[in-house]
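Residue numbers (the numbering used here), protein chains in the order written: chain A, 6 to 553; chain B, 79 to 418.
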Amino acid sequence: MKKFIASLLCAAMVVTLFAGCSKSSSGTSDGTASGGGSGDGGNIVRYTLTTTPQIDPGVGADLGAATVLINIYDPLVMPKKDGSVEPWIAKDWKVSDDGKTWTFTIRDDVKFHSGNPLTAGDVAYTMQRLLDMGEGFGYLFNSTIEEVRAVDDTTVEFVCNKTAGTLLATLVRLYILDSKLVEENYGQGDYGDKGDYGKAFLLENDAGSGPYKVKEYAANSHVLCEQNTDYWNELDPNAPKEFGAIGSNEAVTVKTMMERKELELTDKYQTSETINSLGKVDGIDIMETNTGDIMYLLLNNSKAPTDDPHVRKALAYMMDYDVVCNDIFPNSKKADSIISQTSLGHKKMNDYSFDIEKAKEEIAQSKYADNITDYPIEVCWVAETPDREKLALLIQAAADQIGVKVNVVKTPWASVIENSSSPESTANVTTTGFAADYPEAGGVFDSALSSKKAGTWMNCCWINDDKLDGMIDEALSTIDTDERVAKYEAIQDYLADQCVMIPLAEETLRFAYQSSYVDYNAADPEYSIPVMGYVNYMPNIKIYPDKK
Amino acid sequence: MSLLKSILKRLASALVVLLGLTIIIFVLMRIVPGDPARLALGANVTEDVLEKYREANHLNESLPMQYVYWLTGALRGDFGMSAVTKRAVIQDITDFAPATIELVLWAGFPPILAALFLGVTSAQHKNKWQDYLCRFLGYIFVATPTFVFAVLFVLVFGYWLPVMPTIGGRLSPSFVIPDITGLYVLDALLGGQPAAAWDAFLHLLFPALALALGKTMQEARITRSSMLQNADKDYITMVTSQGVPQSVVNRKFLLKPSVIPTVTIIGMDIATMFGNAFLVERIFNWPGLSSYGMTAILNKDTNAVCAVVLIIGLAFTLTSIAVDIVAMILDPRMRQKRTR
Chain A
6 MKKFIASLLC
16 AAMVVTLFAG
26 CSKSSSGTSD
36 GTASGGGSGD
46 GGNIVRYTLT
56 TTPQIDPGVG
66 ADLGAATVLI
76 NIYDPLVMPK
86 KDGSVEPWIA
96 KDWKVSDDGK
106 TWTFTIRDDV
116 KFHSGNPLTA
126 GDVAYTMQRL
136 LDMGEGFGYL
146 FNSTIEEVRA
156 VDDTTVEFVC
166 NKTAGTLLAT
176 LVRLYILDSK
186 LVEENYGQGD
196 YGDKGDYGKA
206 FLLENDAGSG
216 PYKVKEYAAN
226 SHVLCEQNTD
236 YWNELDPNAP
246 KEFGAIGSNE
256 AVTVKTMMER
266 KELELTDKYQ
276 TSETINSLGK
286 VDGIDIMETN
296 TGDIMYLLLN
306 NSKAPTDDPH
316 VRKALAYMMD
326 YDVVCNDIFP
336 NSKKADSIIS
346 QTSLGHKKMN
356 DYSFDIEKAK
366 EEIAQSKYAD
376 NITDYPIEVC
386 WVAETPDREK
396 LALLIQAAAD
406 QIGVKVNVVK
416 TPWASVIENS
426 SSPESTANVT
436 TTGFAADYPE
446 AGGVFDSALS
456 SKKAGTWMNC
466 CWINDDKLDG
476 MIDEALSTID
486 TDERVAKYEA
496 IQDYLADQCV
506 MIPLAEETLR
516 FAYQSSYVDY
526 NAADPEYSIP
536 VMGYVNYMPN
546 IKIYPDKK
Chain B
79 MSLLKSILKR
89 LASALVVLLG
99 LTIIIFVLMR
109 IVPGDPARLA
119 LGANVTEDVL
129 EKYREANHLN
139 ESLPMQYVYW
149 LTGALRGDFG
159 MSAVTKRAVI
169 QDITDFAPAT
179 IELVLWAGFP
189 PILAALFLGV
199 TSAQHKNKWQ
209 DYLCRFLGYI
219 FVATPTFVFA
229 VLFVLVFGYW
239 LPVMPTIGGR
249 LSPSFVIPDI
259 TGLYVLDALL
269 GGQPAAAWDA
279 FLHLLFPALA
289 LALGKTMQEA
299 RITRSSMLQN
309 ADKDYITMVT
319 SQGVPQSVVN
329 RKFLLKPSVI
339 PTVTIIGMDI
349 ATMFGNAFLV
359 ERIFNWPGLS
369 SYGMTAILNK
379 DTNAVCAVVL
389 IIGLAFTLTS
399 IAVDIVAMIL
409 DPRMRQKRTR
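And the structure:
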């Protein structure tokens with residue numbers, strides 16, 4: 006008995022000793038790293054992602070990569086809030102009479118983090134690298150750009166194989182590389198005399214000129230970046246001195262880190278329950294913004310029974326849009342087009358509402374009216390985004406009322422990508438949310454509807470409509486903006502009655518952030534740029550460490 | 079010599095087991111739906127880029143040939159490239175394995191003392207309150223999944239009573255330690271930095287506890303059962319009747335034979351921790367091998383999965399050999415059986 010009490014007292018003493026040695030921050034070590042460490046007195050903004058991002062601008066192309074690339078590199082042109090672009094590394098530009106040759110004049114006062122001056126040669130190198138590798142954002146250019154040449158140190162030309170009205174908009178994703186630095190770090194690879202094209206080096210290092218530079222890269226953990234004090238553009242004095250992208254977004258971890266002020270911003274994949282509970286904590290608020298993300302039901306137009314437009318319309322009438330916009334994705338706006346209202350070229354397409362009777366009527370008009378139960382509709386939701394299961398269950402509940410069989414399938418993201426590669430393996434319905442690659446309607450038409458790019462997670466509707474493809478090609482090749490917008494609208498008119506995909510909600514992205522010491526202007530609707538990744542653009546965020 | 083022979087025989091059979099394991103995993107990863115090229119390169123790359131990747135990684139060859147390429151590379155220490163991290167898998171393994179090894183070492187070995195203490199106490203005070211308490215706690219801890227402990231620790235010690243570093247890495251930012259073994263506590267001590275060693279230990283404490291608690295109580299229960307079984311044996315009755323003090327009986331005659339089953343279980347527990355630590359690593363953002371392996375599985379990163387499974391299989395095999403050796407040391411009869 007005495008021994009037992011003595012043991013308990015020892016344990017109590019040990020706990021008390023620990024309490025006096027509390028540390029709450031994470032750290033770095035000699036050549037190794039731990040989560041989101043910083044030594045800059047709290048002048049750091051940290052946010053979470055689903056995985057550690059790829060920071061090679063020739064490789065990374067998802068949201069995580071974009072949040073880092075936009076900070077450590079400079080794009081050729083910068084997107085604006087209204088969806089247009091402004092000069093950035095390119096001071097000005099002109100297009101030839103035939104609309105195929107674009108000539109850009111480059112700033113002559115920009116230096117890379119290495120100290121090398123940024124020249125037209127670097128711009129040409131970056132584009133050529135994207136085209137040669139074919140990864141990352143290369144898909145935006147590889148069907149358009151035929152030749153790249155640096156005319157002199159401040160002039161670069163892109164020669165296209167057709168008139169490319171959207172080229173300028175896509176160049177927001179051309180992140181300029183320090184070609185000399187990359188060439189010095191070629192490793193062994195499959196690109197002939199260029200070896201690996203610097204892929205191994207750029208995996209963990211940056212060769213950019215952006216407002217931040219990579220300080221530490223820890224695979225499967227985080228990326229830590231520090232401010233570029235020699236940046237060519239003026240930075241707000243309250244812009245963070247460092248930022249960290251943490252490659253883990255487990256809800257319990259995010260909540261605890263936010264409450265302990267070890268995290269400043271959450272990611273967009275947190276459930277509404279997590280965000281709402283964080284919003285109740287003192288010093289943490291919720292920022293709501295719209296960056297052009299729309300939650301869709303992508304319908305397989307080549308697979309029974311969703312190959313019938315009446316069945317597709319029936320699905321549109323089965324969705325309870327109030328629940329979607331108020332409960333599942335709180336404060337979202339019902340989408341009235343497959344193009345976001347924040348994008349250039351938006352036009353209202355339709356106004357579906359939750360109407361079981363109309364759904365029944367549509368089924369009755371379809372070719373499957375007599376045997377619809379023989380064709381169960383497979384609805385797949387992405388496993389890593391729990392809120393989307395609710396969408397699938399909503400459809401299932403409504404379908405039960407009219408005797409339509411719906412199978413809800415939880416699918417890991419990797420399998421969604423793979424399943425999207427053929428019409429046979431693509432589910433009838435896939436719940437996916439995305440924004441256009443650039444803030445124009447053409448970004449959605451080209452990436453999500455054109456048959457030439459079918460077989461990706463974004464483009465798995467398998468529409469196979471030659472007329473639609475022709476209309477898209479014509480719109481994308483129109484140089485004049487007003488004419489191009491008119492063609493975008495014509496496409497939306499053409500698709501209005503076909504219900505090729507169902508736009509559910511203009512997603513209001515909700516982030517919890519440390520409002521007591523952070524001004525999260527990057528996500529503030531008044532300032533935010535509607536391009537993927539820009540909610541984490543550090544020059545548009547202010548931090549006040551003394552208020553922490 | 080017989081012990082050495084036995085170990086060599088075990089190693090030889092372990093190699094065969096590991097080979098079979100890699101074949102099974104390799105085949106499973108290849109036949110599960112999912113195009114490795116598309117998963118590695120991204121969703122928007124063109125078909126010709128995908129085809130180049132497939133050619134470079136022998137994905138168009140037959141399954142047996144693909145395995146031969148993989149195996150010949152593995153024997154040279156080249157497990158290929160990870161589709162997720164885009165680095166050589168061997169580099170990933172050398173980066174992440176020490177974190178898991180350190181976690182498992184601290185979760186596996188120090189709790190042995192607690193398990194033995196609780197088991198012995200419980201057996202010595204059979205049907206008294208110490209026994210009831212140990213058994214009650216044992217039922218709860220054994221039934222509670224590891225990740226529940228992890229979440230509880232984060233909640234209690236990370237949020238309600240923020241007294242400990244609960245999440246986010248292995249060391250606080252103010253410390254820089256030499257990279258000798260990759261085991262931070264040991265490296266800090268070898269580098270003459272006791273404060274850093276203490277800090278690294280504090281970072282380890284809760285992940286290790288979460289991993290260890292259920293297994294420790296299981297081991298305690300087995301120790302208790304074993305001691306109670308042996309306490310009824312004739313030789314114990316004989317030494318007790320000779321007037322040998324109870325403490326000497328317990329220490330010299332009862333404990334050694336009673337811990338053999340516990341040692342076997344401890345070995346298996348430590349081996350399984352390598353694979354089962356992934357939830358703890360995810361919750362605590364611990365940059366370890368298990369978490370890396372789980373990410374590889376979810377992203378169909380074949381090369382990484384095969385390598386991780388091989389490493390874990392190797393850990394299992396080596397641990398079971400070590401357990402056998404310890405058991406032979408504890409029980410001379412096992413040595414004699416082998417010499418006959």
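From the three backbone atoms N, C-alpha and C, an ideal C-beta is built for every residue, glycine too.
Query, Result
"Beta-bridge pairing of A/R51 - partner residues as DSSP gives them", "A/G249"
"Per-residue burial, B/T172 [other beta carbons within 10 Å of its own, 16 or more giving buried]", "exposed"
"Span of the beta strand (DSSP E) around A/Y4", "Residue 4 of chain A lies beyond the residue range present for chain A, which begins at 6 and ends at 553; the question has no answer from this structure."
"Positions along the region 107-123 of chain B whose CB lies within less than 7 Å of some CB in chain A", "P111, G112, D113, R116, L117, L119, G120, A121, N122 and V123"
"Contact residues within the region 348-382 of chain B, judged by C-beta distance below 8 Å to chain A", "R360, I361, F362, N363, P365, S369, Y370, T373, L376, N377 and K378"
"B/F174: contacting residues in chain A (beta-carbon distance under 7 Å)", "N225"
"Classification of A/K552 by the beta-carbon crowding that lies within 10 angstroms, buried from 16 upward", "exposed"
"Where the beta strand (DSSP E) containing A/N412 begins and where it ends", "V411 to T416"
"Spatial neighbours of A/D524 in its chain, beta-carbon cut-off 6 Å, leaving aside the 5 residues before and after", "K547"
"Anticipated Cβ contact below 8 Å, A/S554 with A/G126, distance rounded", "Residue coverage of chain A in this structure runs from 6 to 553, which leaves residue 554 of chain A outside it and unanswerable."
"Pair within 7 Å by beta-carbon distance, A/Y357 and A/A321", "yes"
"Chain B contact for A/V257 (CB, 7 Å cutoff)", "yes"
"Coarse secondary structure for B/K330, derived from DSSP in three states", "helix"
"Minimum C-alpha distance to A/G460 - residue among A/P417, A/S426, A/M138 and A/E512", "A/S426"
"Alpha-carbon spacing of A/M300 relative to A/E189, whole angstroms", "44 Å"
"Pair within 7 Å by beta-carbon distance, A/F163 and A/I150", "yes"
"Chain A within 7 Å of B/G270, Cβ atoms only", "no"
"Beta-carbon proximity of A/P314 to A/Q503, cut-off 7 Å", "yes"
"Candidates B/M346, B/G371 and B/A349, of which the one nearest B/L357 by Cα", "B/G371"
"Alpha-carbon to alpha-carbon, B/F174 and B/L367", "5 Å"
"Contact with chain A by B/K164, beta-carbon distance below 7 Å", "yes"
"Integer-rounded CB distance, given that A/V187 should sit under 8 Å from A/V161", "Going by Cβ atoms, the distance from A/V161 to A/V187 rounds to 17 Å, so no, they are not a contact pair."
"For A/L302, the residue or residues it bridges with in DSSP", "A/T436 and A/I507"
"Contact with chain A by B/K83, beta-carbon distance below 7 Å", "no"
"The ligand SAM heavy atom lying under 6 Å from the CB of B/A286", "In terms of ligand content, the structure shown is empty, and the ligand SAM therefore cannot be addressed."
"CB contact check: A/W98 to chain B, cutoff 7 Å", "no"
"Host alpha helix (DSSP H) of A/D518 (start-end)", "According to the sequence as given, residue 518 of chain A is Tyr; it is not Asp. Segment L514 to Y518 is the beta strand (DSSP E) holding A/Y518; no alpha helix (DSSP H) there."
"C-beta neighbour in chain B for A/W462, strict 7 Å", "yes"
"B/A266 at chain A interface by Cβ criterion, 7 Å", "no"
"Given 8 Å, three or more beta-carbon pairs between the region 92-100 of chain B and the region 76-86 of chain A", "no"
"Proximity below 7 Å, CB of A/V536 to CB of A/F248", "no"
"Residue burial classification, B/I102 (beta-carbon count within 10 angstroms, cutoff 16)", "exposed"
"B/L128 - DSSP class collapsed to helix/strand/coil", "helix"
"Short Cβ contact (7 Å threshold) for B/P291 with B/F394", "The residue asked about is misnamed: residue 291 of chain B is Leu in this sequence, not Pro. No, Cβ-Cβ distance for B/L291 and B/F394 is not below 7 Å."
"Backbone secondary structure at B/V322 - three-state DSSP", "coil"
"Proximal chain B residues relative to A/A321, where beta-carbon distance stays under 8 Å", "Within chain B, no residue comes near A/A321; the closest Cβ sits about 26 Å away, beyond 8 Å."
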